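See structure below.
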Amino acid sequence: MATERIKSEITGTVWKILMAEGDAIDVAAEIMILESMKMEIPVESPVAGRIQTILVAPGDAVDEDQDLAIIELD
Amino acid sequence: MKAAVLREQNTPMEIEEVQISKPGPREVLVRPIAAGVCHSDLHFLDGSYPYMLPTILGHESAGIVEEVGKDVTYVKKGDHVITCLSAFCGHCNKCLTGHLSLCQSPEVSRPPEVESRLSIGGETVHQFLNLSSFAELMLIHEHALVKVREDMPMDRAALIGCSTTTGVGAVFHTAGVEPGSIVAVIGCGGVGLAAINGAAIAGASMVIAVDMVDSKLELAKAVGATHTINARSGNAVGEVLELTKGGCDYTFEAIGLKATAEQAFQMLCSGGTATIIGMIPVGTMVELHGVDFLMEKKIQGSNMGSNRFRIDMPRFVDFYLNGKLHLDQMISKHIKLADVNTALHALKSGEEARHVIMFDQ
Chain A
289 MATERIKSEI
299 TGTVWKILMA
309 EGDAIDVAAE
319 IMILESMKME
329 IPVESPVAGR
339 IQTILVAPGD
349 AVDEDQDLAI
359 IELD
Chain B
106 MKAAVLREQN
116 TPMEIEEVQI
126 SKPGPREVLV
136 RPIAAGVCHS
146 DLHFLDGSYP
156 YMLPTILGHE
166 SAGIVEEVGK
176 DVTYVKKGDH
186 VITCLSAFCG
196 HCNKCLTGHL
206 SLCQSPEVSR
216 PPEVESRLSI
226 GGETVHQFLN
236 LSSFAELMLI
246 HEHALVKVRE
256 DMPMDRAALI
266 GCSTTTGVGA
276 VFHTAGVEPG
286 SIVAVIGCGG
296 VGLAAINGAA
306 IAGASMVIAV
316 DMVDSKLELA
326 KAVGATHTIN
336 ARSGNAVGEV
346 LELTKGGCDY
356 TFEAIGLKAT
366 AEQAFQMLCS
376 GGTATIIGMI
386 PVGTMVELHG
396 VDFLMEKKIQ
406 GSNMGSNRFR
416 IDMPRFVDFY
426 LNGKLHLDQM
436 ISKHIKLADV
446 NTALHALKSG
456 EEARHVIMFD
466 Q
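Taken in sequence, the protein lines are chains A and B. Be aware that the first sequence starts at 289, since it is given in our numbering, and climbs by one per residue. Be aware that the second sequence starts at 106, since it is given in our numbering, and climbs by one per residue.
Spelled out as structure tokens, the structure:
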């Protein structure tokens, strides 16, 4: 099964996870919200599929380019 | 209350009826009197910086305290305040080492499991930068505001809430410009003009303003620029190097572009420091010639002028009232909340300085 790794574009903190492992996901759907320098930044899926793994939890610090989730492609 | 709600990027905001929560223990309800329309709002409107939607933009405002939470002792109903997005917790490593503007503590916003500060019919409206000032009321943490003297005009005070603090602070705090220094500022919007004004107050011997719009270069002269360069010539770097006979001690980039950030570095003399204030779009890389580091040239970022706003903003108010800080020229028009989309469109065109929303009282 082909997969897509969702990366963080920015250094910040995971504020809220909006979806769960196993959920079906559409292009541009929001997976989680990061907080960085007072900004609430959505992490959107660039692909459609199903969330295989969420690699972070609320409160985790994340770096730019860090993997946040893995999507199984449709 | 009425507020300008952004539901989709690159679409006009709509004036909608929004519900605002009651103040929590450390929260303050503020009735804004004036709110600046800032170029940074445009970055979030056009999506160059992603943000959760729906939201209410606006982050540069001054107003009057309407109600305070039970644990708030710093302000009371009726106090005049300026709001600031650099809300600080006061006890993290950044705050305790004096870098309050870098505080990332989530405790200044409400946690996800608690009722959101703003909503429409039960739907969460994401508060923008813990402020959302394009609205008739603001519910904010007590560490997101500062009391100011009541003889300060509210429209001028609003500008101190972001652009002034960002530009002047970058000069005073981030870069630490010394008297006699040679300074260049690229971009003469609200923040760039504030940096020019700040460099003049700091005693820079030469303050070079660089922009592509002649009217903005004229404004730059009015707030302290000693020289101006219209970058339409295509050789702004060469002109600065020639004018300064070797480069600047300090440069400031106040646009947020890769090309101008690189030019800011190229305009330095040996040992000089480039400070990038502009919001460069997420994902953009900046390229420099590595050999320039042998000349001890430095480049750094600046967020909200590395402010300690509870100290800085009252000082900037004094600077305005004693004639050092030129805020009158920064406001090109007073508008109503309903005209906010037009104001953002005017910012995009680059021809005007700043529109300030005046709320009905």
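We put the CB at the ideal spot given by N, CA and C, even for glycine. On a predicted model such as this, the values are computed, not experimentally measured, just so you know.
Report task. Kindly indicate which three-state DSSP category G266 (chain B) falls into: helix, strand or coil? Result -> helix
Query raised in the report: When the distance is taken between beta carbons, is Q340 (chain A) closer than 9 angstroms to S296 (chain A)?
Result: no
Report task. With DSSP collapsed to three states, give me the class of M400 (chain B). Result -> helix
**Report entry** Which of helix, strand or coil DSSP assigns to R459 (chain B)
**Finding:** strand
Query - Residue of B:V296, B:A309 and B:E212 minimising C-alpha distance to A359 (chain B) - result: B:V296
Query raised in the report: Between the stretch 172 to 188 of chain B and the stretch 118 to 133 of chain B, do at least 3 Cβ pairs fall closer than 8 angstroms?
Result: yes
**Report entry** V110 (chain B) vs I225 (chain B) beta-carbon contact at 9 angstroms
**Finding:** yes
Report task. Would you please state the rounded distance, in angstroms, between the beta carbons of M320 (chain A) and Y154 (chain B)? I believe it to be under 8 angstroms. Result -> Not confirmed; about 17 angstroms, so no contact.
Report task. Please classify N115 (chain B): is it buried, with 16 or more other beta-carbons within 10 angstroms of its beta-carbon, or exposed? Result -> exposed
Query - For L322 (chain A): DSSP bridge partner residues - result: A:V302 and A:I329
Requested in this report: Tell whether a beta-carbon distance below 9 angstroms holds between F233 (chain B) and L322 (chain B).
Outcome: no
Requested in this report: Consider the Cβ of H231 (chain B): report whether some Cβ of chain A lies at a distance smaller than 9 angstroms.
Outcome: yes
Query raised in the report: For N412 (chain B), which of B:S214, B:L147, B:I120 and B:T202 has the nearest alpha-carbon?
Result: B:T202
Requested in this report: Go to C200 (chain B), then tell me how far its alpha helix (DSSP H) extends in each direction, as first and last residue.
Outcome: N198 to L201
Query raised in the report: Which runs of the beta strand (DSSP E) fall wholly inside the stretch 145 to 220 of chain B and span at least 3 residues, in chain order?
Result: 166 to 173 and 185 to 188
Report task. Can you say whether K453 (chain B) is buried or exposed, counting buried as having 16 or more other CB atoms within 10 angstroms of its CB? Result -> exposed
Query raised in the report: Beta-carbon of N408 (chain B) versus every beta-carbon of chain A: anything under 9 angstroms?
Result: yes
Requested in this report: Taking only beta carbons into account, state which residues of the stretch 289 to 309 of chain A come closer than 9 angstroms to chain B, listed in chain order.
Outcome: E297, I298, G300, T301, W303 and K304
Query raised in the report: How big is the Cα-Cα spacing for I334 (chain B) and A289 (chain B)?
Result: 10 angstroms
Requested in this report: Kindly indicate which residue of B:V318, B:E241, B:A240 and B:S268 has the alpha-carbon position closest to the one of F421 (chain B).
Outcome: B:S268
Query - Cα-Cα separation, E119 (chain B) to Q209 (chain B) - result: 31 angstroms
Report task. Assign D351 (chain A) to one of three DSSP states: helix, strand, or coil. Result -> coil
Query raised in the report: Rounded to a whole number of angstroms, what is the C-alpha to C-alpha distance between G152 (chain B) and M384 (chain B)?
Result: 12 angstroms
**Report entry** Of the residues B:A167, B:M106 and B:D146, the one placed nearest P419 (chain B), counting alpha carbons only
**Finding:** B:A167
Query raised in the report: Buried or exposed: where does M435 (chain B) fall if 16 or more other Cβ atoms within 10 Å of its Cβ makes it buried?
Result: buried
Report task. Taking D354 (chain B) as part of the beta strand (DSSP E), name the residues at either end of that continuous run. Result -> C353 to E358
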